[in-house]
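The opening position of the sequence shown corresponds to residue 1 in my numbering, with each subsequent residue numbered one higher. The block underneath contains the structure these notes are about, expressed in structure tokens.
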Amino acid sequence: MKPIRTWILIADGARARILESEGAGRGLRAVEGAAFHGEHGATHEIMSDRAGRTFQSVGSARSAKEARSDPHRELKRRFARRLADALDEGLARGAYDRLVVVAAPAALGDLRDAISAPVRAKVTAEVAKDLTRTPDREVADHLEGVL
Numbered sequence: 001m002k003p004i005r006t007w008i009l010i011a012d013g014a015r016a017r018i019l020e021s022e023g024a025g026r027g028l029r030a031v032e033g034a035a036f037h038g039e040h041g042a043t044h045e046i047m048s049d050r051a052g053r054t055f056q057s058v059g060s061a062r063s064a065k066e067a068r069s070d071p072h073r074e075l076k077r078r079f080a081r082r083l084a085d086a087l088d089e090g091l092a093r094g095a096y097d098r099l100v101v102v103a104a105p106a107a108l109g110d111l112r113d114a115i116s117a118p119v120r121a122k123v124t125a126e127v128a129k130d131l132t133r134t135p136d137r138e139v140a141d142h143l144e145g146v147l
């Protein structure tokens, strides 16, 4: 009988990795090529330090134009979409049967928004916890009852 392969996505808004389990007591191993780093930078590197200017529709008055979104937040959403694409690719290859998503709370929300319906159907558990700095050998201890 073929073992059930479970991918464990461990993520926050800027870094992620995927571990794999082939069953209870078999431990976790890192999936090759599945370590991700998001874009980051100081606000002045991401966007202009001055608000844009706009003209009023009537008259010659001008006013400052506020940024519509937080650029750091947008980078984190973009990173979540990149992770969702990697999960789609893995599913298309048949690389996993089940998926456990472990992410910092804000990143978990971004991932929920980004993950496709076919991948969502493979999710067996979500854990709102940041384990990105936890060594691989200790991750299973935090997921007792989930794997």
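Where a beta carbon is used, it is the ideal one built from N, C-alpha and C, also for glycine. Computed from a prediction, not measured in an experiment: that's the story for all the values here.
Own chain residues within Cβ distance below 6 Å of residue 39, not counting five before or after: Counted from its first residue, the sequence shown places residue 39 at position 39. 75.
Bridge-paired residues (DSSP) for residue 6: Working through the sequence shown from its first residue, we reach residue 6 at position 6. According to the DSSP secondary-structure assignment, residue 6 is paired through a beta bridge with 21, 98.
Residue 143 (DSSP reduced to helix, strand or coil): By 1-based counting over the sequence shown, the position of residue 143 is 143. Here residue 143 sits in coil by DSSP.
Paired residues, beta bridge with residue 149 - DSSP: In the structure displayed, the chain extends from 1 to 147; residue 149 sits before or after that span and is not available.
Outcome for residue 6 when other beta-carbon atoms lying within 10 angstroms are tallied against a minimum of 16: Taking the first residue of the sequence shown as position 1, residue 6 is located at position 6. Buried: at least 16 other Cβ atoms inside 10 Å.
Buried or exposed by the 16-neighbour rule on C-beta atoms within 10 Å, applied to residue 4: The residue labelled residue 4 in the question sits at position 4 within the sequence shown. Residue 4 comes out exposed.
Where residue 33 sits in the DSSP three-state scheme: Taking the first residue of the sequence shown as position 1, residue 33 is located at position 33. Strand.
Heavy atom of the ligand MN within 7 Å of residue 14 beta-carbon: As far as ligands go, the structure on display features none, and thus does not contain the ligand MN.
Which of helix, strand or coil DSSP assigns to residue 26: Here residue 26 is taken as the residue at index 26 of the sequence shown, counted from 1. DSSP places residue 26 in coil when its eight states are reduced to three.
Minimum C-alpha distance to residue 33 - residue among 24, 18, 127, 133: Numbered from its first residue, the sequence shown carries residue 33 at position 33. It is 18.
Alpha-carbon spacing of residue 23 relative to residue 72, whole angstroms: Indexing the sequence shown from 1 puts residue 23 at position 23. Indexing the sequence shown from 1 puts residue 72 at position 72. Answer to the nearest angstrom: the Cα atoms are 38 Å apart.
Simplified DSSP assignment, three categories, for residue 133: For the purposes of this step, residue 133 is taken as the residue at position 133 of the sequence shown. Three-state DSSP puts residue 133 in coil, outside helix and strand.
Length of the line joining the Cα atoms of residue 35 and residue 11: As a working mapping, residue 35 is identified with position 35 in the sequence shown. As a working mapping, residue 11 is identified with position 11 in the sequence shown. Residue 35 and residue 11: Cα-Cα distance of roughly 10 Å.
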